[in-house]
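The sequence shown begins at 72 in this note's numbering and counts up by one. Heads up, the beta-carbon is just placed ideally off N, CA and C, and yes, glycines get one too. Encoded as structure tokens, the structure appears first; notes follow it.
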Amino acid sequence: MDSRINKVTGIHEQVPVNDTFIYIPIIRTLELLIKHPDVLHFITHNHKSHDNVIKDYCDANQFQQSPILQEDCNALQLHFFYDDFETVNPLGSKTCIHKIGAFYFVLKNLPPRLNSSLNNIQCAALCHTEDIKKYGSNREDAQLLYSESNMRMRDKDSHNLHVQQAEQHDTVHVLGVKRGSVLNSCAFFHIVHNFSLDVMHDLLEGVVQYEIKLVLSYLISGREPALITLNQLNKEIASFDYGSTEKSNKPSQIKLHSQGNAIGQKAMQSWCLIRHLPLIIGHLLEERDMPYFELLLKLLDCMDIIFSPKVTHGLIAQLGILIVDHHTKFHEVFPTHSLIPKHHFMVHYPTCLREVGPLIHVWCMRYEAKHNYFCQIANNCRNFKNICKTVAKRHQINQMYHFNSERPLETFQVGPGSETVISNLSLECIDTVVSTLPDATLLTEVFYVNWVNLGGTEYKFHHVLCYDYMDGMPSFGQVQHILVQKDIVYFVLLVLKTLYYKTLFHAFAVQEVTPQQTVVKKASELIDFKPLSLLRSQSRSDQHSYVCPRHILFQ
């Protein structure tokens, strides 16, 4: 029941209100997508890897064992995601009333770089979270078992048995199973074969913050004398130069006395902090501190593989060993603390990597970013009557506009620039540019730009890119010029010599080559498309520059 104005009498009356939800026809959405030649090209020309490297779902076991995908390699692959988001002030009095549950999906036939674009994440349905609760949506071993080989894994038969027992005895749950799922009625899907885990919530908002809090608590208050005070630590974190690539992810002040396991950081801030913490305080550590700090370094070793956009079967096997080492180390240095459930989820990561491919391609980060668009619509319209219909309609109008643009799948933007001839570039790179660009001469015109945005990733001067992998070490170059010719972007890179890998800093030491050398690379030729920054340790005696990759790098 709700209060409505009677349009005849002008009096508020109590009237029954139907519970509704907004469904955006999936088939109609797919029909629209397939009509575009670029989308159809990716459907009919799969992007399977040919070098035994797992780069996406199409390279993983689940794809290879699926009856429908083996019968028709052009079958559509849909990856669904559900999450709630609040459309009003989360601290206000209207929370939960206007909370919306969103069902999204992406077309996995598209390569990962395209599915990371918010415009390529489709909305399937919107409803009130309270309605889902109303209608439904059809410890100890975890501290000791660090490998799946020591566990009895749930399968289809055992799950069905537990569902039957839960329904017969009307119990709360049987080994965690409360009831059957409507998803099990799908012809080619069963929930026990769902291997999509969210590394953002598990690690960046869970394990990472928990372990940073424990290690820093020891360094600040668990030893005599304290290695550093909390105030000094926050000053070091605030003053550290993270580079332009991490400017928006700069950590906030650390909160060690807050309840729970968190330290007051968002997911990307947490990722930024653990990667740069060795450079910030590593030089201060004494020998007695190393067992504690090694826990974070072991976690970083695990994350190097977990967050990689491509993996090999050898790396997956290595990850299983690293996770066992990490969990064992945790109990050695913090025997009075327990592993949290998200530590246990890590044990299953190797299997998930084999089954669905790189976990960073199925994490929640991009889907949660999609929430922001709907929240902005709700805040702008200021009308919460049938809010699901309002935001869904606005979203579909925006999708129609985007899909009729010149480049609906991939972002390509260039910053301010000017036409110039190659001979006007800096002397050390002219010969390299002429020999790299097709049919180029000294008088060939190119468009010289300050920045470029490719697929949502922005590249600027002085960014560091990994362009090669030689002798077991990655090769880095610093962006000196950005050239555009016939819609192809070329990066002129100042070569940086990789000196060594410093374990304490979890980073590569680099320096400029003397005399200066340059290389020219297209974006598609890079080992990793994500730009990095040159970093310095907080130690005044260390004059080296360092590069701190987000994940493991290999050819």
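Taking the Cα of Tyr561 as reference, the smallest distance to any Cα among Gln588, Lys573, Val517, Ala580 is reached at Val517. Separation of Ser288 and Cys129 (C-alpha to C-alpha, rounded to the nearest whole angstrom) is 44 Å.
Taking the C-beta atoms as reference points, Phe259 is found nearer than 7 Å to Ile139.
Distance check between Gln324 and each of Asn117, Lys306, Thr461 places Lys306 closest, using alpha-carbon atoms only.
When rounded, the separation of the alpha-carbon atoms in Thr503 and Tyr530 is 20 Å.
Gly391 and Thr422 have their C-alpha atoms some 9 Å from each other. In this structure, Tyr540 and Phe625 form a Cβ contact; the two beta carbons are roughly 6 Å apart against a cut-off of 8 Å. In the displayed model, Gly251 falls within coil according to three-state DSSP, outside both helix and strand. A straight-line Cα-Cα distance of about 43 Å links Pro412 and Phe532.
A direct Cα-to-Cα measurement between Asn231 and Asp372 gives close to 38 Å. Within the same chain, and ignoring the five residues on either side of Ile105 in sequence, the residues whose Cβ sits closer than 8 Å to its Cβ are Leu111, Ile114.
Straight-line measurement puts the Cα of Ile431 at about 13 Å from the Cα of Arg425.
Take the alpha-carbon of Phe152 and the one of Asp202: they are about 18 Å apart. Comparing alpha carbon positions, the residue from Ala449, Lys456, Arg478 closest to Arg465 is Ala449.
In this model, Pro362 and Gln389 are separated by some 21 Å (Cα to Cα).
Beta-bridge pairing by DSSP links Glu583 to Leu567.
Restricted to the segment 388 to 453, the alpha helix (DSSP H) segments that are unbroken, complete and at least 4 residues in length are 412 to 418, 420 to 427, 436 to 452, listed in chain order. Per DSSP, reduced to three states, the secondary structure at Thr300 is coil, with no helix or strand assignment.
Here DSSP, grouped into helix, strand and coil, assigns Phe364 to helix. Going by DSSP, Tyr289 is part of no alpha helix (DSSP H) at all; its letter is neither H nor E. Taken in chain order, the complete beta strand (DSSP E) segments of 3 or more residues contained in the segment 456 to 538 are 483 to 485, 488 to 492, 516 to 520, 522 to 525, 528 to 531. Beta-bridge analysis with DSSP links Ala173 to Asp154, Leu197. The Cβ neighbour count for Ser329, taken over all protein chains shown within 10 Å, is under 16; the residue is labelled exposed. Residue range 589 to 593 is occupied by the beta strand (DSSP E) that includes Val590.
Following the DSSP letters along the chain, one finds Met544 inside the beta strand (DSSP E) bounded by residues 544 to 556. With a cutoff of 7 Å on beta-carbon distance, Ser267 and Val433 are scored as near each other. Between Gly548 and Asn521, the CB-CB gap reaches or exceeds 7 Å. Between Ile93 and Leu197, the gap from beta carbon to beta carbon is short of 7 Å. By the Cβ-count criterion, Lys205 is exposed, with fewer than 16 other Cβ atoms from all chains shown falling within 10 Å of its own Cβ. Gly543 is positioned such that its CB atom lies no closer than 7 Å to that of Thr482. For a cut-off of 8 Å, the C-beta gap from Asp109 to Leu480 is around 5 Å, short enough to register as a contact. For Tyr571, the number of other beta carbons within 10 angstroms of its own is below 16, and it is reported as exposed. Excluding residues up to 5 positions away in sequence, Ile308, Gln336, Gln340, Cys343, Leu344 lie with their Cβ nearer than 7 Å to the Cβ of Pro322 in the same chain.
In the structure shown, Lys126 falls within a coil segment according to DSSP collapsed to helix, strand and coil.
Taken atom to atom, the span from the alpha-carbon of Ala594 to that of Ile501 is near 19 Å. Distance between Lys441 and Arg453, taken at the CA atoms: about 19 Å.
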